[in-house]
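Encoded as structure tokens, the structure appears first; notes follow it.
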Amino acid sequence: MEILGFLGDALSPLNLGLALIGVLGGTVIGALPGLSATMAIALMAPFTFAMAPASGLIMLGAIYTGAIYGGAFAAILVNTPGTPSAIATTFDGYPMARRGDGDLAVTLATIASVAGGLFGALALLTLAPRLAQVALSFGSTEYFWLAVLGLTLIAVLSEGDLVKGLMGGCLGLLLSMAGVAVVGGDVRFTFGQPALLGGVGIIPALIGLYCVPV
0 MEILGFLGDA LSPLNLGLAL IGVLGGTVIG ALPGLSATMA IALMAPFTFA MAPASGLIML
60 GAIYTGAIYG GAFAAILVNT PGTPSAIATT FDGYPMARRG DGDLAVTLAT IASVAGGLFG
120 ALALLTLAPR LAQVALSFGS TEYFWLAVLG LTLIAVLSEG DLVKGLMGGC LGLLLSMAGV
180 AVVGGDVRFT FGQPALLGGV GIIPALIGLY CVPV
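Mapping the sequence shown onto numbering that gives the first Met the number 0, position 135 (from 1) lands on 134, and the numbers just tick up by one.
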């Protein structure tokens, strides 16, 4: 019954209007290559300072989901993901757009976003406490094998071109070495640039390197 009470507050006209505004604003920002969902929240967060906590969270959540969805537009139309999460959309969306099926690709992306968002919200509501306990129990051994799993997936997803997949994985490892080492504090591959002391951000790396033809 407590959840139903919260649901009634969330579905108030004010909160529904804020959610609509957040989705529209997030979609526009997410459709612009180089602007991620995190940047969308950072740009729109000042508008929530005078709101009630629940209304502000609803609007920020709507901005985030709208930006994730909006990233599919650039991925489908110009083969450049608007957000890093839209990279996989370019695999099928852009070829469909070149065949003249861009409207179908956008429709499928919309359906997938709605279905995935609803499923993710229900999963977060029911599984978040248990997943938090598992994440807190991770140590160096678990993180090592998680990295090994990521490198193994490169071979699985290379689609028959294992050499290019391994080259991409090695390039990712090389980029991740830039900056200050976590263990030892050594400065690596900064080339005298202070901006690289914090390492290469995953968002610039994904969006920038994905546009390089191979």
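The beta-carbon is built from N, C-alpha and C at its ideal position, and this holds for glycine as well. Model, not experiment: these values are computed from the prediction.
*Grouping DSSP H, G and I as helix and E and B as strand, with all else coil, what is V186?*
In the sequence shown, the residue the question calls residue 186 occupies position 187. V186: strand per DSSP, three-state reduction.
*Applying the criterion that 16 or more other CB atoms from any shown protein chain within 10 Å of the CB defines a buried residue, is V113 buried or exposed?*
What you label residue 113 is simply residue 114 of the sequence shown in a count that begins at 1. By the neighbour-count rule (16 or more Cβ atoms within 10 Å), V113 is not buried but exposed.
*Taking the alpha carbon of T89 as the point to measure from, which residue in I57, G70, D102 and L165 has its own alpha carbon closest?*
Reading the sequence shown from its first residue, position 90 is the one you call residue 89. Checking every option, the nearest Cα to that of T89 belongs to G70.
*Buried or exposed: which applies to A122, given that a residue is buried once 16 or more other Cβ atoms fall within 10 Å of its Cβ?*
Taking the sequence shown and counting its residues from 1, the one referred to as residue 122 is at position 123. Exposed, by the Cβ-count rule.
*Return the CA-CA distance between A41 and I28, expressed in angstroms with no decimal places.*
As a working mapping, residue 41 is identified with position 42 in the sequence shown. As a working mapping, residue 28 is identified with position 29 in the sequence shown. Approximately 11 Å, taken between the alpha carbons.
_Nearest neighbour of I202, chosen from A30, L34 and A39 [CA to CA]_ = For this step, residue 202 is matched to residue 203 along the sequence shown. The residue with the shortest Cα to Cα distance from I202 is L34.
*asked:* When you compare the CB positions of I75 and G115, do they come within less than 8 Å of one another, or not?
replied: The residue labelled residue 75 in the question sits at position 76 within the sequence shown. The residue labelled residue 115 in the question sits at position 116 within the sequence shown. Contact annotation: I75 and G115 have beta-carbon atoms that are not nearer than 8 Å.
*Ignore the nearest five residues each way along the sequence and tell me which others in I153's own chain have a CB closer than 8 Å to its CB.*
Counted from its first residue, the sequence shown places residue 153 at position 154. Excluding residues within five positions, the ones whose Cβ falls inside 8 Å are G164, L165, G167 and G168.
*Is the stretch 92-107 touching the stretch 59-67 in the sense that three or more CB pairs, one from each, lie closer than 8 Å?*
The way I'd put it, the stretch 59-67 doesn't touch the stretch 92-107; fewer than three beta-carbon pairs between them come closer than 8 Å.
*Classify I110 as buried or exposed, calling it buried when 16 or more other Cβ atoms lie within 10 Å of its own Cβ.*
Numbered from 1 along the sequence shown, position 111 holds the residue referred to as residue 110. A residue is called buried when at least 16 other Cβ atoms come within 10 angstroms of its Cβ; I110 does not meet this threshold and is exposed.
*Name the one or two DSSP bridge partners that V27 has.*
Residue mapping note: residue 27 aligns to position 28 of the sequence shown, counting from 1. Beta-bridge pairing links V27 to no other residue.
*Residue burial classification, G119 (beta-carbon count within 10 angstroms, cutoff 16)*: If you number the sequence shown from 1, residue 119 lands on position 120. Burial state of G119 is exposed, judged by a 10 Å Cβ sphere holding fewer than 16 other Cβ atoms.
*asked:* On the CB-based measure, 16 or more other CB atoms within 10 Å of its CB, does V186 come out buried or exposed?
replied: Numbered from its first residue, the sequence shown carries residue 186 at position 187. Exposed, by the Cβ-count rule.
*Express the C-alpha separation of T151 and F46 in angstroms, rounding to a whole number.*
Numbered from its first residue, the sequence shown carries residue 46 at position 47. Numbered from its first residue, the sequence shown carries residue 151 at position 152. Straight-line Cα distance between these residues: approximately 43 Å.
*Which stretch, first to last residue, makes up the alpha helix (DSSP H) that contains A39?*
Locating residue 39 in the sequence shown gives position 40, where the first residue counts as 1. Annotation for A39: the continuous alpha helix (DSSP H) segment containing it runs A36 to M43.
*In the DSSP assignment, what are the bridge partners of V133?*
As a working mapping, residue 133 is identified with position 134 in the sequence shown. According to DSSP, which records beta bridges pairwise, V133 is partnered with nothing at all.
_Per the DSSP calculation, V179 is bridged to which residue(s)?_
Taking the sequence shown and counting its residues from 1, one reaches residue 179 at position 180. The partner list for V179 (beta bridge, DSSP) reads V186.
*asked:* Rounded to the nearest angstrom, what separates I54 and I20 at their Cα positions?
replied: Reading the sequence shown from its first residue, position 55 is the one you call residue 54. Reading the sequence shown from its first residue, position 21 is the one you call residue 20. It is Ser, not Ile, that sits at residue 54 in the sequence shown. When rounded, the distance between both Cα atoms is 12 Å.
_M166 in three-state terms, based on DSSP_ = Reading the sequence shown from its first residue, position 167 is the one you call residue 166. Three-state DSSP puts M166 in a helix.
*With 16 other CB atoms within 10 Å as the buried threshold, where does G149 fall?*
Translated into positions along the sequence shown, residue 149 becomes position 150. Classification of G149: exposed, given that the 10 Å Cβ count is below 16.
*With respect to the alpha helix (DSSP H) encompassing I86, which residues constitute its N-terminal and C-terminal limits?*
One-based indexing of the sequence shown puts residue 86 at position 87. Per DSSP, I86 belongs to no alpha helix (DSSP H) and is neither H nor E.
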